[in-house]
Amino acid sequence: MRTFLEACTRGLGQGSVYALLALGFVIIYKATRVISFAQPAFMLVGAVLVTYLVGPLGFWVAVPLAAVATAGLALGVERAVVRPMVGKPAFVVAILTLGVDQVVRVVTNGFLPSDVRHVGDPWGLRTVLIAGLSVQERHIAMLIATAALVLALFAFFRYTRMGLAMRAASYDQEAALAQGVSVGAVFAVSWAMAGALAAVAGVFSAVGGSVDQLLWIITLTALPVIILGGLDSLPGAVLGGLIVGLVQEITATYQSNIGWLGSNFSYITPYVVMMLVLLVRPYGLFGTREVERV
Amino acid sequence: MSVGRPLLHTSYASDMALFNTGTKKVAFAALLGVGLALPFVLTDDILLQLASACVAAIGAIGLNLVTGYAGQVSLGHAFFLAIGAYTGAYLSGDRGDFRAMGLGVDNMLVWLPAAGLVAGLAGVLVAPLATRLRGLYLAIVTLGLVFVGEYILTEWNGMTGGLGQGRRAAKLSLFGYRFDTDGPLLGLEVTRAQKLLLLMLVLLVIFAIAARNLARSKVGRAFSAVRDRDIAAGVIGVNLARYKTIAFGISSFYAGCAGALLYTINGRFDAGQFNLALSVLFIAMVLVGGAGTVSGAILGAFFFTLLPRFTRDVIPTVAPFVSTSSTEQFNVFQLEGILYGALVIVFLIFEPRGLFGIWIRVRNYWKAWPFSY
Chain A
53 MRTFLEACTR GLGQGSVYAL LALGFVIIYK ATRVISFAQP AFMLVGAVLV
103 TYLVGPLGFW VAVPLAAVAT AGLALGVERA VVRPMVGKPA FVVAILTLGV
153 DQVVRVVTNG FLPSDVRHVG DPWGLRTVLI AGLSVQERHI AMLIATAALV
203 LALFAFFRYT RMGLAMRAAS YDQEAALAQG VSVGAVFAVS WAMAGALAAV
253 AGVFSAVGGS VDQLLWIITL TALPVIILGG LDSLPGAVLG GLIVGLVQEI
303 TATYQSNIGW LGSNFSYITP YVVMMLVLLV RPYGLFGTRE VERV
Chain B
275 MSVGRPLLHT SYASDMALFN TGTKKVAFAA LLGVGLALPF VLTDDILLQL
325 ASACVAAIGA IGLNLVTGYA GQVSLGHAFF LAIGAYTGAY LSGDRGDFRA
375 MGLGVDNMLV WLPAAGLVAG LAGVLVAPLA TRLRGLYLAI VTLGLVFVGE
425 YILTEWNGMT GGLGQGRRAA KLSLFGYRFD TDGPLLGLEV TRAQKLLLLM
475 LVLLVIFAIA ARNLARSKVG RAFSAVRDRD IAAGVIGVNL ARYKTIAFGI
525 SSFYAGCAGA LLYTINGRFD AGQFNLALSV LFIAMVLVGG AGTVSGAILG
575 AFFFTLLPRF TRDVIPTVAP FVSTSSTEQF NVFQLEGILY GALVIVFLIF
625 EPRGLFGIWI RVRNYWKAWP FSY
């Protein structure tokens, strides 16, 4: 039981990072109806920026700064590459973002020499005892950071003009345009927010470890998360992230008991969960069923 | 067919013919002639790369059938390539090899179709997902397939020979005649590279003509209808589940054959190769070459297979600040990665029809020359 509960705390911590990444995908999808495969690159950029900024500025200044810088980069990419493609099929734009991802990641890798770089977080792998369970501090920090960001996002969408504009544009772009919403600004803000979220998630993925050229692969786990939660559902992204994190950590804890699964089965559990859910619910747990007219 | 007016068709049969204009017949014959002459002109290392390009083209044509013709986005091509590669290697592998199991059936006529069929069967098994899902949902699920496949391969050492070790690719032997050694061919003494290119070229021509023939048939027209608007296609009587399954099956058959052949040129391969990057490379081939055309897929495959040669040989000579060593900063490998991403971006924004679209522009310009339209 103790092992199980400790696996759950790890899963919730890891899952909250997935939730952050998934939120970035969903925000872009809601605004532009496109899945941005450039998110892995932004996540890596954020983490690498922090490794450079943390020395002179300290962790708590470096992270927001890196998030803002990554948001700026995402904004630039949206304006330069994605905006000309408005109105093109979603698949074409998705492949375009794959190209962006490739370019940005190769350039970022240039700043990752072979020595190990750390984000310089204050937690490391230390644990605390909570109700008899040993819980890693970093997982608590991930959970708290995600909760804070999710609350901030909720408030933003609920109470600000821009949030309202973004919700309107995600329902019907033309109607929103007719009401005076600047859809271009909505696209830009969505990309910037997704970039910032990816940067924060990148930092938290590297907490307790190091930043290497393969860090971006964690972002791909957010893809089954958004499919699981439904592509256009923000609560779905958060819940899906937590579910995937939990399932993955619990599998990682118990997979050695089932020999034929192999030693790293937890690595692909998100995809297995996704395929199973999709066979039953083709639009995810919370996704909107598309209405098709011929 | 009238000689002077190539676009004037007086019967349905001539409109739907495999080569529906005289120019196409001439161009095809000329290209084939050049292709058959190349092995006797170029050096061996270029020949091997051209042979790889021919095989990649078979795979790209396969992806184009499902993505370009039938409109079903698949990021799972690497998974089907892997199935083909391992089926071929398993069938033709030596018996009693302690590292990687094999059956010792090294006749190409057995293992090549078998590799295609096993991959095709996997495609048919995946198809039910495609009939339930559309667009980006399907893209991500097929991406999941790559991860699941990669995991199974890294765990299944008896088949793959272990990560980093790899196993030998299928043996190119036809009734005892070996294509992967120097030796006589039709009375001529030729090298391994010459033989390989000739073999791959012949296979590419067979697969390409088969694909073009499929595209003009009832099945091909159904694919296009599904791509353009799948609900509308369903309403006019195209059985969606059936044609999506056929598209995935045939595409995976091509991928399986390409996978089995691809590594025969280098000889060895390991499980780490069949990752997302390989799938994306094939998508890039199809999109940069020209989606929905056989010649576009071939162009794209040649383009991306020969691109590394260009960046590694030509760029350091014209731009000496680019290093050729992978340990130094700003080397050709980084440049290659950037170029590869940038090309996809540039083509999608400025020429969505790809290299094939550039050809169309050139053709249309000269059709009306000296007038602008």
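In order, the protein sequence lines correspond to chains A and B.
For the first sequence, the positions run 53 to 346 when my numbering is used.
For the second sequence, the positions run 275 to 647 when my numbering is used.
For every residue, glycine included, the Cβ atom is placed at its ideal position computed from N, Cα and C.
T61/A and L377/B have their C-alpha atoms roughly 48 Å apart. Think of a sphere of 8 Å around the beta carbon of L399/B: no beta carbon from chain A falls inside it, the nearest being about 12 Å out.
For Y451/B, the secondary structure class from DSSP, reduced to helix, strand or coil, is strand. Secondary structure of L185/A (DSSP, three-state): strand.
The beta-carbon of V596/B is placed no less than 8 Å from the nearest beta-carbon of chain A. In this model, N316/A and V422/B are separated by some 11 Å (Cα to Cα).
Selection V512/B, L475/B, L629/B and V479/B evaluated against V493/B yields V512/B as nearest (Cα-Cα). Residue contact check for I632/B against chain A: no CB pair falls below 8 Å. Judged by pairs of C-beta atoms under 8 Å, the stretch 215-222 of chain A does not touch the stretch 91-104 of chain A, as fewer than three such pairs exist.
Within chain B, G418, F421 and V422 have C-beta atoms less than 7 Å from the C-beta of Y323/A, given in sequence order. By the rule that beta-carbons nearer than 8 Å mark a contact, Y319/A touches chain B. Here the alpha carbon of L328/A sits roughly 17 Å from the alpha carbon of L294/A. For the pair S525/B and G397/B, the CB atoms are nearer than the 8 Å cut-off. Minimum Cα-Cα distance from G339/A among the listed residues G288/A, F209/A and V255/A corresponds to G288/A. In this structure, A334/B keeps its C-beta atom at 8 Å or more from the C-beta atom of A521/B. Residues of the same chain with a CB within less than 6 Å of the CB of A123/A, apart from the 5 flanking positions on each side, are A244, G247 and A248 in chain order. Across the set P387/B, S646/B and A616/B, the C-alpha of A616/B shows the shortest separation from the C-alpha of R157/A.
Beta-bridge annotation (DSSP): T179/A is paired with Q188/A. Closer than 9 Å at the C-beta level to chain A, one finds no residue of the stretch 353-367 of chain B.
For R406/B, the nearest CB of chain A lies under 8 Å from its own CB, placing it at the interface with that chain. In summary, R442/B is buried, with 16 or more beta-carbon neighbours lying within 10 Å of its beta-carbon over all protein chains present. In this structure, the beta-carbon distance from L448/B to V347/B does not fall below 8 Å.
Excluding the 5 residues flanking it on each side, M382/B has same chain C-beta neighbours closer than 7 Å at L446, S447 and L448, in chain order.
Within a 10 Å sphere around the beta-carbon of P313/B sit 16 or more other beta-carbons, which makes this residue buried.
In the DSSP assignment, S597/B is bridged to N605/B. Where L312/B is concerned, there is no enclosing alpha helix (DSSP H), because DSSP gives it neither an H nor an E.
According to DSSP, L462/B shares a beta bridge with L459/B. Sorting G574/B, V479/B and Y360/B by C-alpha distance to the C-alpha of G432/B places Y360/B at the top. With a cut-off of 8 Å on Cβ pairs, the stretch 194-206 of chain A is in contact with the stretch 61-75 of chain A, counting three or more such pairs. Nearest Cα to I357/B within the set L349/B, A551/B, G307/B and G390/B: G390/B. Look at F548/B here: in three-state DSSP terms it is coil, with no helix or strand label. DSSP, read as helix, strand or coil, puts R486/B in helix. Between the alpha carbons of S318/A and A304/A lies a distance of about 5 Å. For the 8 Å CB-CB criterion, L150/A and F89/A form a contact.
Among the residues facing chain A, P626/B is included, as its CB has a counterpart in that chain under 8 Å away. For H351/B, the enclosing alpha helix (DSSP H) stretches over residues H351 to S366.
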